[in-house]
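Enquirer: FYI, my numbering numbers position 42 of the sequence shown as 34, with every residue one higher than the one before it.
For each residue, glycine too, the CB sits at the ideal point set by N, CA and C.
The structure presented is a predicted model; accordingly, all values stated were derived computationally and were not measured.
Let me give you the structure first, and then I'll get to my questions.
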Amino acid sequence: INVVIVADTDVLSDRLWVQIRQFFGQNVASPFADNGDFFFNAVDMLTGSSDLISIRGQGRYFRPFTVVKAMQREAEARFRDVEQDLQNQLQAVEQKLMELQSQQGDNGNSITLTPEVEAQLLQFQQEKLAIRKKLRNVQHQLNKDIEQLDFKLKLINIALVPLLLTLLVIAVAVYRRRRR
């Protein structure tokens, strides 16, 4: 006879071992204790099968890709430097634009602009647009190396490893046939 005696009553109440969170309007249970694993392991043990106990009882491990994390840190550092320079340039251009606009407002002649002021305003606005475009380009380049590494890893996992295994199986089959 198999018997499991439990003296821990937190198994009986979800609030003692599961945290309920809202995710896109739905309640999602996130366990912070292994009571669910304990329960299923006990049921498996009582039914006579202990095959899955060692698998289920293993903890959840987070093993980030250290190369990817290092690349992200390096890219973010580069991005921050370039972004700060471009932000400073953008602020300077916006300051010049505001000065020109305030000068026109001081003259009381804000509707008609002199050709020189119009040319300067146009130049500063184009400069502002160019700086913003550079900022967007820097942001797009930020993840380029990481995406390339991600693609290479996917290619290796999806195509290269199965191809190598297939070639190995074919080589073993050819070797066995020749040996006969």
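Mapping the DSSP letters down to three states, classify Pro182 as helix, strand or coil.
Expert: This structure leaves residue 182 out entirely; the chain is present only between -7 and 172.
Enquirer: Starting from the C-beta of Val85, find all residues in its chain whose C-beta is less than 6 Å away, skip the five residues before and the five after it, and write them out in chain order.
Expert: So the list reads Phe116, Glu119, Lys120, once near-sequence residues are dropped.
Enquirer: CB-CB under 7 Å to Tyr167, same chain, minus the five flanking residues each way: which ones, in chain order?
Expert: Closer than 7 Å at Cβ, skipping near neighbours: no residue.
Enquirer: In the DSSP assignment, the beta strand (DSSP E) including Arg169 goes from what residue to what residue?
Expert: Here Arg169 belongs to no beta strand (DSSP E); instead the alpha helix (DSSP H) covers 153 to 171.
Enquirer: Spatial neighbours of Asp137 within its chain, please: C-beta separation below 7 Å, excluding the five flanking residues on both sides.
Expert: Excluding sequence neighbours, Asp137 sits near Met63, Ala67.
Enquirer: Please list the terminal residues of the continuous alpha helix (DSSP H) segment that includes Asn19.
Expert: It is not in any alpha helix (DSSP H) - Asn19 instead sits in the beta strand (DSSP E) that spans 18 to 23.
Enquirer: On the premise that Ala34 lies in contact with Val10, defined as a C-beta separation below 8 Å, what is that separation, rounded to the nearest angstrom?
Expert: Val10 to Ala34, Cβ: 17 Å. No contact.
Enquirer: Where does Ile123 land, buried or exposed, given buried means 16+ other C-beta within 10 angstroms?
Expert: Flag for Ile123 reads buried.
Enquirer: Is the distance from the Cβ of Leu89 to the Cβ of Leu114 below 8 Å?
Expert: It is not a contact, given that the beta carbons lie outside the stated cut-off.
Enquirer: Let me know if Asn(-6) comes out buried or exposed under the rule of 16 or more other beta-carbons within 10 Å of its beta-carbon.
Expert: Asn(-6) should be labelled exposed.
Enquirer: Starting from Ile12, trace the beta strand (DSSP E) in both directions and tell me its first and last residue.
Expert: Ile12 -> beta strand (DSSP E) spans 10 to 15.
Enquirer: If you reduce the DSSP assignment to three classes, tell me which class Asp0 lands in.
Expert: Of the three classes helix, strand and coil, the one that applies to Asp0 here is coil, per DSSP.
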